Structures are given as structure tokens and as C-alpha cells.
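Working notes, structure below.
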Amino acid sequence: MTRILLVDDDQGLLRALRVNLSARGYEVHTAADAATGLATASRQPPALAIVDLGLPDMDGIRVVEGLRGWTTVPIIVLSARHAESAKVAALDAGADDYVMKPFGMDELLARVRAALRRSAPGIEAPVITTAAFTIDLAAKRVIGPAGTIRLTPTEWHLLEIIARHPDKLVTQKQLLREVWGPHYETEANYLRVHFANLRRKLEPDPARPRYLITEPGIGYRFTA
């Protein structure tokens, strides 16, 4: 069964969505706040998430960002915010679709079917474990034997990109473009400095890297 996660604090809407989706053969998991939604997704990764922006503990945008930290599954945002800026913020955070309340159930179900058709198969693991450290992509942190390893935002961004493509070469241009922007694609020295810092923090022997591998002149590779 295709698993769908619903995150909304409106209990009446949550029940209606659960009933309608279950009747169509979906496995439905629900959460009434952001923290529960993220924890549920981590334990039982969904094939699609439907997230309300107006949650009691934090903005639904944070849920979208948390999910996008480790998975590419479709995310449909529900919101009563009609301002264009709210829609842009949700889409920029990683949402695939935006449905304004109130909405018709048939329309939402059609959007679910369309999103699932477009989505690529496979679910990514939110936690990557090595012998030296653990990367929690959902929580955006790295844990070592002594506890959390503090990374700068740039170091985390670089590590996240290559960790999400294990054993695959990520080119220098791709890293520079994603982290700094298209005007920095020739600044390979930026990468040398930050990967040297990452190795000092993560590698048991930075001089002989085991996890953060350089392909000279080409790019970098993460090997767990």
C-alpha cells in the first residue's frame, strides 16, 4: 500500500482526509503537530506528505524543510494563507504543490494521484551511519562518539549534498552552484577549504580520508 502522511491540527479535516484516502487504498498516517509529523516520517517514510502550514508548534514550512533534508517524495501544502508570498515560500522550501483552504476533496485526491505519478520510486533513508559518525538528514546534525559535531551552515550544506548521493561523484561545479550560486562555479578553492575543515571534524585520520573522498580536479564523493 502507498503510505501517505497527513500533518494538520484540524481534527475534523484530518478525519475526513484519512477516511477518503483510506477508502481509496492508501495507508494513512496522521499527526496533529510538526514535531510528531517529522518523527512519524522518520520512523515510517511516506510516499507522499500533505502538510498544513498553520501548525500549533511551528510553521508548516519547517516540516517541508525537515522532510526535504532527506527525501524527495512529493509534498502537498495545505493553507488558508492566500497571499502569493506564502505560496512562494512553501514552494521555495521544497513543496511540490499548494492547495488553498477550503478545497474540494475530489480536487485534492486528483492532486495526490498526479503527484504520485510524477514521483520517482524509492525512499531515501533519513539517517546515515558510519563507524565514525552518524548523519541525521532530517534533524540536520552529525553525531560522533562524544555527541553532536558542530558544523557551520556551509559545511553542513556540502556534507548533505554528497551524503544524499552515496558513492556517486558530485562535481565541483554542482557543489559550487548549489551552495554559493552559479557565479561561483570556478571557485574550487572554496571547496578545498571547507572539505579540509569537514575532514578535521569527521575523519578519524584527516590525512587519509575514509568518508570524504576527493576526485582531484573533478569533485567529491561520500562513502559510508
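Here the sequence shown is numbered in the UniProt record's numbering, starting from 1 and rising by one per residue. Yeah, the Cβ is synthetic: ideal placement off N, Cα and C, and Gly gets one too. The structure presented is a predicted model; accordingly, all values stated were derived computationally and were not measured.
Extent of the continuous beta strand (DSSP E) to which residue i belongs
i: R3; result: 3-7
i: D96; result: D96 -> no beta strand (DSSP E), and no H or E assigned at all.
Where the alpha helix (DSSP H) containing residue i begins and where it ends
i: V19; result: 11-23
Residue i, DSSP secondary structure in three states
i: M58; result: coil
i: V88; result: helix
i: T36; result: helix
i: G122; result: Low local confidence applies: a pLDDT of 46 at G122 is under 50, so the model's placement there is unreliable, with the coordinate-based value given in what follows. Three-state DSSP puts G122 in coil, outside helix and strand.
i: A49; result: strand
i: V73; result: coil
i: A80; result: coil
Contact belief for residue i with residue j at Cβ below 8 Å, rounded distance in angstroms
i: A93; j: I61; result: 5 Å
i: A31; j: T40; result: 5 Å
Cβ-Cβ distance between residue i and residue j below 7 Å
i: V77; j: A90; result: yes
i: E185; j: K173; result: yes
i: V7; j: V63; result: yes
i: P206; j: A132; result: no
i: K201; j: I135; result: no
i: A138; j: P126; result: yes
i: residue 225; j: L116; result: Only positions 1 to 224 of the chain appear in the structure, and residue 225 is not among them; the question remains open.
i: L67; j: H29; result: no
Identify every run of the beta strand (DSSP E) within the UniProt DNA-binding region "OmpR/PhoB-type" (125-224), keeping only runs that are complete inside it and at least 3 residues long; order them along the chain.
127-129, 134-136, 141-144, 147-149, 212-215, 219-222
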